Amino acid sequence: MLRLLALACALICAPAVAGGEYESPLWPGTTYDPAVPTIESVLGYAPGSRISHPSEVMRYFEALASAAPDRMQLAQYATSWQGRPLIYAVVTNEQNLARIDEIKAGMQALQDPRETSADAAAALIDSLPAVTWLSYSVHGNEISPADAAMVTAYHLLAAQGDARVDAIMNETVVVIDPVQNPDGRARFVSHFENNTGLVPSSDRLAAEHDEPWPGGRTNHYLFDMNRDWFILTQPETRGRVAALQEWYPVAFVDAHEMGSDSTYYFSPEAKPFNPHIAADQRASLELFGLTNAGLFDGFGIDYFTREIFDALYPGYGASWPLYFGSIAMTYEQASARGLRVRQYDGNDMHYSETVRNHFVASMGTAETVQANRRKFLRDFYDYQVSAIAEGRRERTKAYVIPAQNDQDAADKLAGLLVMQGVEVGKTTREIRACGNEYAPGSYVINLDQPAKRLLRTLMDSDVPIDERFMEEQERRRAKGLYAELYDVTAWSLPLMMNVDTDTCTRRVAGDFEAVAPEFQQPGSFTAKANAVSYLVPWTGAGAVRLAVAALQAGYVIKTTDKAFTHQGARYPAGTVIIDVADNAASLGDWLSDAAITTGADVIAVADTWVTDGPNFGSQNVQRLPSLEVAIAWDDPVSPYSAGNTRFVIEQQFGLPVTPIRLSRLGRADLRRYHVLILPEVYGSYRSELGAEGIENLTDWVADGGVLITLGNATRLAADPGVDWLPIRREYAAVDEDTESGSEADAEETLVEGSVIEDDEAYAVAIEGVESTPDSVPGVLLRAKRDPDHWLAAGVAETLNVLVRGSDVYTPAKLGEATNVVRFEAPDELLAGGYLWAENADQLAYKPFVVHDSAGRGQIIGFTCDPTVRAYLDGLNIIFMNAIIRGAAHARPVR
Numbered sequence: 065m066l067r068l069l070a071l072a073c074a075l076i077c078a079p080a081v082a083g084g085e086y087e088s089p090l091w092p093g094t095t096y097d098p099a100v101p102t103i104e105s106v107l108g109y110a111p112g113s114r115i116s117h118p119s120e121v122m123r124y125f126e127a128l129a130s131a132a133p134d135r136m137q138l139a140q141y142a143t144s145w146q147g148r149p150l151i152y153a154v155v156t157n158e159q160n161l162a163r164i165d166e167i168k169a170g171m172q173a174l175q176d177p178r179e180t181s182a183d184a185a186a187a188l189i190d191s192l193p194a195v196t197w198l199s200y201s202v203h204g205n206e207i208s209p210a211d212a213a214m215v216t217a218y219h220l221l222a223a224q225g226d227a228r229v230d231a232i233m234n235e236t237v238v239v240i241d242p243v244q245n246p247d248g249r250a251r252f253v254s255h256f257e258n259n260t261g262l263v264p265s266s267d268r269l270a271a272e273h274d275e276p277w278p279g280g281r282t283n284h285y286l287f288d289m290n291r292d293w294f295i296l297t298q299p300e301t302r303g304r305v306a307a308l309q310e311w312y313p314v315a316f317v318d319a320h321e322m323g324s325d326s327t328y329y330f331s332p333e334a335k336p337f338n339p340h341i342a343a344d345q346r347a348s349l350e351l352f353g354l355t356n357a358g359l360f361d362g363f364g365i366d367y368f369t370r371e372i373f374d375a376l377y378p379g380y381g382a383s384w385p386l387y388f389g390s391i392a393m394t395y396e397q398a399s400a401r402g403l404r405v406r407q408y409d410g411n412d413m414h415y416s417e418t419v420r421n422h423f424v425a426s427m428g429t430a431e432t433v434q435a436n437r438r439k440f441l442r443d444f445y446d447y448q449v450s451a452i453a454e455g456r457r458e459r460t461k462a463y464v465i466p467a468q469n470d471q472d473a474a475d476k477l478a479g480l481l482v483m484q485g486v487e488v489g490k491t492t493r494e495i496r497a498c499g500n501e502y503a504p505g506s507y508v509i510n511l512d513q514p515a516k517r518l519l520r521t522l523m524d525s526d527v528p529i530d531e532r533f534m535e536e537q538e539r540r541r542a543k544g545l546y547a548e549l550y551d552v553t554a555w556s557l558p559l560m561m562n563v564d565t566d567t568c569t570r571r572v573a574g575d576f577e578a579v580a581p582e583f584q585q586p587g588s589f590t591a592k593a594n595a596v597s598y599l600v601p602w603t604g605a606g607a608v609r610l611a612v613a614a615l616q617a618g619y620v621i622k623t624t625d626k627a628f629t630h631q632g633a634r635y636p637a638g639t640v641i642i643d644v645a646d647n648a649a650s651l652g653d654w655l656s657d658a659a660i661t662t663g664a665d666v667i668a669v670a671d672t673w674v675t676d677g678p679n680f681g682s683q684n685v686q687r688l689p690s691l692e693v694a695i696a697w698d699d700p701v702s703p704y705s706a707g708n709t710r711f712v713i714e715q716q717f718g719l720p721v722t723p724i725r726l727s728r729l730g731r732a733d734l735r736r737y738h739v740l741i742l743p744e745v746y747g748s749y750r751s752e753l754g755a756e757g758i759e760n761l762t763d764w765v766a767d768g769g770v771l772i773t774l775g776n777a778t779r780l781a782a783d784p785g786v787d788w789l790p791i792r793r794e795y796a797a798v799d800e801d802t803e804s805g806s807e808a809d810a811e812e813t814l815v816e817g818s819v820i821e822d823d824e825a826y827a828v829a830i831e832g833v834e835s836t837p838d839s840v841p842g843v844l845l846r847a848k849r850d851p852d853h854w855l856a857a858g859v860a861e862t863l864n865v866l867v868r869g870s871d872v873y874t875p876a877k878l879g880e881a882t883n884v885v886r887f888e889a890p891d892e893l894l895a896g897g898y899l900w901a902e903n904a905d906q907l908a909y910k911p912f913v914v915h916d917s918a919g920r921g922q923i924i925g926f927t928c929d930p931t932v933r934a935y936l937d938g939l940n941i942i943f944m945n946a947i948i949r950g951a952a953h954a955r956p957v958r
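Numbered by this note's numbering, the letters in the sequence shown go through residues 65 to 958 in order.
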């Protein structure tokens, strides 16, 4: 400990110079092995004097591994969208590195007490080094963690005569993931270097501090990967989750940056805590906090804890590992967003300071694990024991996912759980459980397993929030203060994916087929030698993928607006019809292969006679055009909304999307595009597009385009000055019975007097006039679809919509437009999460999806973004209907 304190003092006391680097030597008094290359010897600059490219970080770690192969190994765990490798470094002493496979096997054994007895676990705890996992820079513009990762690795390998470092190397394994988001970091560094002059500027107005859209925070598809941990949409996250389950570290740190005017944050986290976090995990957070506080206090580094960053949402890097028994934490350093920045108090903060602080916290973390090695390993094993015991003791003992209409979604949910370490079985025959009959292909998940707490967190419709905490939020809200909720309050996977799930009060026994960690299962192909048409029921994502693939391959396909019956089989609205006569002879072979790759069910028919519903040549059957889709791009479009939307369309359904900069839409010739999507926006589309842009889009729709607005982009469509949709955004509803006093007229010197009789009347008296509803922190609300509208083809009767913010819209009147999906009644509205009572009353029966025809085209407004974080799979069908079937219903002149 004293050695680390001396090191920290040397780091802190070294004087800064103009370029943001510390005078040499960087760590006075520390002796280093000259055989281990320094950052400067490999990269040509001192630590913290430059912002390292991802390729430079990689080069330095390769140099360390080459110089110390007996104490460091590198492993690649993923490849980014842009082809960059994601690696981690294993750092420990020679003896531990030689038995890495044994250490991994030991942690796997501790993870399953059903196979590992208490005596066997005790022997493993005596012999195993504990694993510390340090992850850096998941956000590309949070730059100092990656450079600190290099400093940390160097110090562990090169420091000589340091008893604390020797103990860390002997008794633990430190895994360093230096750059979690190489694509975003490369974007940021390129911007910074392109805009930096003779000396780095501390002025935040300087271009080097002013990131252009979309900024460096996100990955290639503009995802915030610190929200992707349990939904696993991105390859970077999937690789990391798989690697963590290979190692099962006892401690996991996610090192970030925050606003420039802050200091340094480390655990314990803020309230509220997720109730499925174990008590000893919360207690251990204090141990890490105390060690870090000792380092920071001793040498004057300011820090804070228990504020802002809570442990409720399970999708953070600092929370997801908690649910396999790790102690997971976030560390946040005030960001220089360059080499130096002027803080609010006039202090110039240098990049090297921020690198140093993350290095000190990293070493404090490794020290805490070493000092508590036996305790943390014992806690890890006990976590699994108690999870299994809870699964046997609590009322909910199993989940069953029945075979259902949208089997694609059920299959994906099961595979997603398995990918996160959950044991899932699949029925191969009909079974009876939970008082129900279940068909073959149903999924069974018993809770007496180590992943029990993860299951409850992800599968329950609601994760309760501490009542006293929420009472305080209601008090704050009454005073007009912001709610202290860092993210959404609902994330139930069955709700978001719209998958029917039953809960059982008894364990479900039986021999079930093991489920593989796959998102998608193969579809089926039913052939006929004399086929005249092929039918693809519009019942899930597989049918959408096949329709898109067929269009991309040049085949002619149709879709029906209404259900029909053929040869006694009922086919739902939306069913795809592919006629043999309209297509090449290769159609059957292509469909046979496509059924496997897309997950669609394809049925050949020998005739086209239907006994109920529209014939295949009816006006209720539409030919699908070969789609060209565009999306608004660039400032002030929300990068998250734009990127998430593009990802859903391209990566989940295979349809290419052309991004068009918003500044071009006002004058662009859009005639080649069938569909244009306006994602959410920071600011106002109306002011950015101007009259010329709005007129251009209006004319394009009238000529046959399909315009889709998402979330707050619907404000443009509902604006009275634009009037694309006959709905209006609402002010907050006012209860007239509680009004008190009189409204002041800004033109009057004196106003009518009033009497305020009590606290309730006072609260009303100080309310803003015509204010918007209070912002919703993120809840899942039920919505009901209109089954008669073509947009609802293949859509479940009830949808679950993630609602955030304050937008509420009036419903469209009959004859003016159609409320294709509207929210449920107040007593049926809330599916999961915490919703303010006034918002529940006002949102009830209000629209989620509104459609109107305009000339030859279509306008479709989603009042909430259906593609947020790409985890609302239950909304994908209606969203893709808006694109595919919307284009089929337009009548462009081409």
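Even glycine gets a Cβ: it sits at the ideal position worked out from N, Cα and C. These numbers come from a predicted model, not from an experiment.
The beta-bridge partner set that DSSP reports for residue 723 consists of 695. Every beta strand (DSSP E) of 3 residues or more that sits fully in the segment 372-398 is shown, in chain order, as 391-398. Taking a cut-off of 8 Å on C-beta distances, the segment 207-223 touches the segment 119-131, as three or more cross pairs fall below it.
Per DSSP, reduced to three states, the secondary structure at residue 601 is coil, with no helix or strand assignment. Rounded to whole angstroms, residue 746 and residue 311 show a C-alpha spacing of 41 Å. For residue 258, the number of other beta carbons within 10 angstroms of its own is below 16, and it is reported as exposed. For the segment 467-500, the full-length alpha helix (DSSP H) segments reaching 4 residues or more read 471-483 along the chain. A residue is called buried once 16 or more other Cβ atoms fall within 10 Å of its Cβ, and residue 546, having fewer, is exposed. Counting only residues of its own chain and dropping the five nearest sequence neighbours on each side, residue 687 has a CB closer than 6 Å to the CB of 622. Nearest to residue 94 by alpha-carbon distance, out of 142, 151, 226, 144, is 226.
Contact check between the segment 520-539 and the segment 594-611: fewer than three CB pairs, one atom from each, fall below 8 Å, which does not count as touching. Cβ contact annotation for residue 433 (same chain, cutoff 7 Å, sequence separation greater than five): 194, 196, 236, 314, 315, 440, in chain order.
In its chain, beyond the 5 residues on either side, 200, 209, 395, 422 have a beta carbon closer than 6 Å to the beta carbon of residue 319. Partner residues in the beta bridge of residue 337, as assigned by DSSP, are 375.
Within its own chain, the residues whose Cβ lies closer than 8 Å to the Cβ of residue 938, once the five positions on either side in sequence are excluded, are 473, 559, 560, 561, 562, 563, 860, 863, 864, listed in chain order.
Comparing C-alpha distances from residue 866 to each of 890, 702, 897 shows the shortest one belongs to 897. For residue 848, DSSP records a beta bridge to 862, 886. Straight through space, the alpha carbons of residue 628 and residue 791 are spaced by roughly 34 Å. By the beta-carbon neighbour count (other beta carbons within 10 angstroms, threshold 16), residue 364 is exposed. DSSP places residue 104 within a helical segment (H, G or I) once states are collapsed to three. A straight line joining the alpha-carbon of residue 577 with that of residue 765 spans about 51 Å. Fewer than three pairs of CB atoms, one per stretch, sit closer than 8 Å, so the segment 884-901 makes no contact with the segment 732-743. A distance of 8 Å or more separates the beta carbons of residue 616 and residue 707. As DSSP reads the structure, residue 298 sits in no beta bridge.
Per DSSP, the beta bridge partners of residue 588 are 665.
The segment 935-951 makes no contact with the segment 870-878, as fewer than three CB pairs between them are under 8 Å.
In this structure, residue 463 lies near residue 566, with their beta-carbon atoms less than 8 Å apart. Leaving aside the five residues that flank residue 772 on each side, the residues in its chain whose CB is nearer than 6 Å to its CB run, in chain order, 741, 924, 946.
Residue burial annotation: residue 350 is exposed, with fewer than 16 other C-beta atoms found within 10 angstroms of its C-beta. Listed in chain order, the non-local C-beta contacts of residue 285 below 6 Å within the same chain comprise 707, 711, local neighbours out to five positions each way being set aside. Put simply, of 138, 574, 96, 207 the residue whose alpha carbon is nearest the alpha carbon of residue 417 is 207. Here the alpha carbon of residue 640 sits roughly 7 Å from the alpha carbon of residue 624. For residue 900 and residue 458, the gap between their C-alpha atoms comes out near 30 Å. Taking one beta carbon from each stretch, the segment 281-298 and the segment 156-174 have fewer than 3 pairs nearer than 8 Å; the two do not touch.
Here DSSP, grouped into helix, strand and coil, assigns residue 95 to strand. It is roughly 14 Å from the alpha-carbon of residue 471 to the alpha-carbon of residue 666.
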